[in-house]
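Data first, discussion second: the structure below is written as structure tokens.
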Amino acid sequence: MAGMTTAAQAPVAPPEETAPGERTPARRGRRPYGRLAVLLLALLYFAVPVAASLWFTVDDPAKGFSLDVYTDHLVSGDMLGSLLLSVELGLATVALGLLLVVPAMVVIHLRLPRLRPVVEILCMTPLVVPPIALVAGVNTVLSWAPDLARTPFYQTLMVLQDENFPLVLVLLYTVMSLPFLYRSLDAGLRGIDLKTLVEASRSLGAGRLTTLARVVVPNLRAAVVGGAVLGLAMVLGEYTVASVLGYRPFAVWMVEVGDADAELAGAAAMLSLFITWGLLLLLTTLAGGRRDRTRKQRKTS
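Residue numbers (my numbering): 5 to 305.
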């Protein structure tokens, strides 16, 4: 009895306390498997359609596995011209959008924070307005060109509609890419102490443009790259605006080819997808390489 009483009265060790943000051993074992399952499901969701489309383009009922659709039919003058036009339009759209949005966002965050809701609504408007409605209005304005033949506006409209490089598409795509650029840059600006960086740069004698180019933009490199990739992907896949205005970038070429040859259209879609991924990887690698060099320079200094 005495032994039982002693055992019953022995102090019981309290359970291990964990900090509010610390994971328990059970959670530590479960979370990696849950994340792995989510990643596998996401991989299957994206990879299965791509793999099926790729197999459709290389599976020839007569020859079996064949790359003829890529080597013989895909590479042509029309395809290369359309693809080059889309890439040029995409790069011009990204450059114009960043030149407009980055300085405006910096000024708003520094000097005019009350205007942030207004600017956000304006930048998000292209998500609400259908592209067909936007291009219908622009097409109506362009149709006024014969009535303005004796005015300086006629030459302006002709330059905007140049078939070799239609600037009107660059302007429209810049408006359509504003939501992507705004969201990406707004998140980047919220993640840095912009006021302190600008004041430190100005106190060292740097001008406004120098501060913007050498202090603000390097700290927003990830946000700039993210917005640029989204805008470029949007331009490469846009069809409605270019088709209504009568131009033939890569997306329009794919639809036209798809009416006659489904395998060729699928191969063109795969090519567009790989080009977009390649540009994304290139921009991300460049941004990461510059960031690593900057960190090394800071450590050595």
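Glycine included, every Cβ here is placed at the ideal spot set by N, Cα and C.
Next on the checklist: To the nearest angstrom, how far is the alpha carbon of LEU249 from that of MET128?
Outcome noted: 24 Å
Checklist entry - From LEU285 to ILE279, what distance separates their C-alpha atoms? => result 10 Å
Checklist entry - At what residue ranges does the stretch 119-189 contain a whole run of the beta strand (DSSP E), taking only runs of 3 or more? => result none
Next on the checklist: Residues in the same chain with beta-carbon distance under 8 Å from LEU189, minus the five sequence neighbours each way, listed in chain order, please.
Outcome noted: Answer for LEU189: VAL105, VAL106, MET109, LEU224, ALA227, VAL228, GLY231, listed in chain order.
Checklist entry - Using DSSP with H/G/I as helix, E/B as strand and the rest coil, what is ASP64? => result strand
Checklist entry - What whole-angstrom Cβ distance do ALA273 and VAL261 have, given they're in contact under 8 Å? => result About 10 Å separates the two Cβ atoms, so there is no contact after all.
Checklist entry - Among all the DSSP beta bridges, which residues are the ones paired with PHE69? => result The partner list for PHE69 (beta bridge, DSSP) reads ASP63.
Checklist entry - Using the C-alpha atoms, what's the distance from LEU119 back to GLY141? => result 28 Å
Item to check | Integer-rounded CB distance, given that PRO253 should sit under 8 Å from ALA246 | outcome: 5 Å
Item to check | Classification of PHE184 by the beta-carbon crowding that lies within 10 angstroms, buried from 16 upward | outcome: buried
Item to check | Sufficient close CB pairs (3 or more, under 8 Å) joining the stretch 235-245 to the stretch 197-217 | outcome: no
Checklist entry - My guess is that VAL239 and LEU93 are in contact by the Cβ rule of under 8 Å, so how many angstroms apart are they, rounded? => result 5 Å
Checklist entry - For the alpha helix (DSSP H) that contains VAL220, what are its first and last residues? => result Element bounds for VAL220: n/a, residue is neither H nor E.
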